[in-house]
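Note that the protein sequences, when read in sequence, are chains Y and G.
Letter by letter, the first sequence follows residues 68 to 153 of this note's numbering.
Letter by letter, the second sequence follows residues 172 to 397 of this note's numbering.
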Amino acid sequence: MRFRFEIVVSLKDGLADPQGKTIQDALPTLGWGNVAEVRVGKHIELVVEADDEAAARGQVGEMARRFLSNPVIEDFRILSGEVAAR
Amino acid sequence: MKPKVGVVTFPGSNDDRDALRAVALMGGEPIPVWHQDRDLGGADAMILPGGFSYGDYLRTGAIARFAPAMAAVREFADVGGPVLGICNGFQILCEAGLLPGAMIRNRGLSFICRWIHVRAEDLTGDVLEVPIKHGEGQFVASPDELARIEQQRLVAFRYCAPDGSLDESFNPNGSTHAIAGLRNDRGNVLGMMPHPEHAVDPDLGPTGGQSVFQWLLTAARDRVPA
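Laid out in structure tokens, this is it:
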């Protein structure tokens, strides 16, 4: 079966995020002065062929740990594991 | 016999030619190594050059670390072979786990291209004038890792004022502890964001990069059978 996953990779809390800060600093100039904690990350979509969702999810977790994120600077979340249309 | 120094060309490397030229200028025999090669051509030392390997996709250096040549470089480093990673090469060494920490976007977000000064923390103790050119050179590491780096004196270079004093206003990218370069525990792997290969020819400007190549060539010579 094919399972579709979304992985969100973000800079670790406490690590300075220059892109997030720049966006946050720009928002008030457009009239949105009430925004805080802007963080910029990556969104990765992929489809895994596996026997069941648990196997697919386990593999995605492994890929996220070893390749899609760098544990020194980033955290990741796996958002979904729905069955992908053929 | 001249020590052979291999320079790996990844797709997107752009300082490989300068590195090869610097090796020749400093008395070594330059050996071009293609990223698909597992054979390092009998090199006595290796350089991972600057550039934008694989377009900096995913993270800087994240994809280059899986290249066949990198498997060979890792084996070479594991047996004590001297390896110098410059800029993107430093980022690749961190991604490959051969050096601790990682690089994130510069503090000021801008790509920086200019001459700066770094203090060689124990390579020579000198202040070197060398250029930097990078968008993601802000060195970070976890507090534990940072403590280990300082305790074991793994910092090779720090950004500094022209007189060698440490001053945050001379830290161009916001690197933690002004770290511009690191070595591994064994001392045979050195990574640095500044570009020594652009600073070896007196006809072209300052020569702050020469001592880095002298270190590499000396380490390489030690490996050449007499």
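Every residue gets a Cβ at the ideal spot worked out from N, C-alpha and C, and that includes glycine.
For the pair Gly212 (chain G) and Ile202 (chain G), the Cα-to-Cα distance works out to about 7 Å. For Glu200 (chain G), the secondary structure class from DSSP, reduced to helix, strand or coil, is strand. Not a single CB atom of chain Y sits nearer than 9 Å to the CB of Val360 (chain G). Taking Ala267 (chain G) as the centre and dropping the five residues before and after it, the same chain places the C-beta of Arg236 closer than 6 Å to its C-beta, in chain order.
By the C-beta criterion, the region 69–84 of chain Y is judged to be in contact with the region 98–115 of chain Y, since at least 3 inter-stretch pairs fall below 8 Å.
Contacts between Ile140 (chain Y) and chain G, judged by CB atoms closer than 7 Å, involve Ala273, Ile275, Val311 in chain order. When the beta-carbon positions are compared, Phe261 (chain G) and Met274 (chain G) come within less than 9 Å of each other. Leaving aside the five residues that flank Phe223 (chain G) on each side, the residues in its chain whose CB is nearer than 6 Å to its CB run, in chain order, Gly183. Sixteen is the threshold: since fewer than 16 other Cβ atoms of the shown chains lie within 10 Å of the Cβ of Ala122 (chain Y), the residue is exposed.
Note on geometry: alpha-carbon atoms of Phe310 (chain G) and His369 (chain G) lie some 21 Å from one another.
If only complete runs of 4 or more residues are kept, the region 102–130 of chain Y shows the alpha helix (DSSP H) at 120–130, in order along the chain. For Gly306 (chain G), the closest of G:Val250, G:Pro253, G:Ala195, G:Gly345 by C-alpha to C-alpha distance is G:Gly345. By DSSP's assignment, Lys175 (chain G) forms a beta bridge with G:Glu200. Fewer than three pairs of CB atoms, one per stretch, sit closer than 8 Å, so the region 175–193 of chain G makes no contact with the region 130–146 of chain Y. Closest option to Arg133 (chain Y), judged by alpha-carbon separation, among G:Ala233, G:Ala238, G:Pro239: G:Ala233. Using a Cβ distance threshold of 9 Å, Ala349 (chain G) and Pro365 (chain G) do not count as a contacting pair. Taking the C-beta atoms as reference points, Asn259 (chain G) is found no nearer than 9 Å to Pro85 (chain Y). DSSP places Gln309 (chain G) inside the beta strand (DSSP E), whose first and last residues are 309–311. Judged by DSSP in its simplified three-state form, Lys79 (chain Y) adopts coil rather than helix or strand. The Cβ of Cys284 (chain G) sits no closer than 9 Å to any Cβ of chain Y. DSSP places Pro85 (chain Y) in the uninterrupted alpha helix (DSSP H) bounded by 85–93. Collapsing the DSSP output to three states places Phe70 (chain Y) in a strand. For chain G, the residues of the region 87–103 of chain Y that bring a beta carbon within less than 8 Å of one of its beta carbons are Thr89, in chain order. Using a Cβ-Cβ cut-off of 7 Å, Arg230 (chain G) is close to Asn137 of chain Y, given in chain order.
Residue environment: Ser136 (chain Y) is assigned as buried (16 or more neighbouring CB atoms within 10 Å of its CB, all protein chains considered).
Comparing alpha-carbon positions, the option among G:Ala390, G:Arg285, G:Val360 lying closest to Leu325 (chain G) turns out to be G:Val360. For Leu82 (chain Y), the C-beta contacts it makes with chain G under 8 Å involve Ile275, Val311, in order along the chain.
The beta-carbon distance between Val178 (chain G) and Glu200 (chain G), rounded to whole angstroms, is 11 Å. This is too long to meet the 8 Å contact definition. Excluding the 5 residues flanking it on each side, Leu219 (chain G) has same chain C-beta neighbours closer than 6 Å at Val179, Gly256, Gly260, Ile263, in chain order. Checking the DSSP bridge columns, you'll see Ser184 (chain G) partnered with G:Gly222. Looking at the DSSP output, Pro302 (chain G) shares a beta bridge with G:Trp286.
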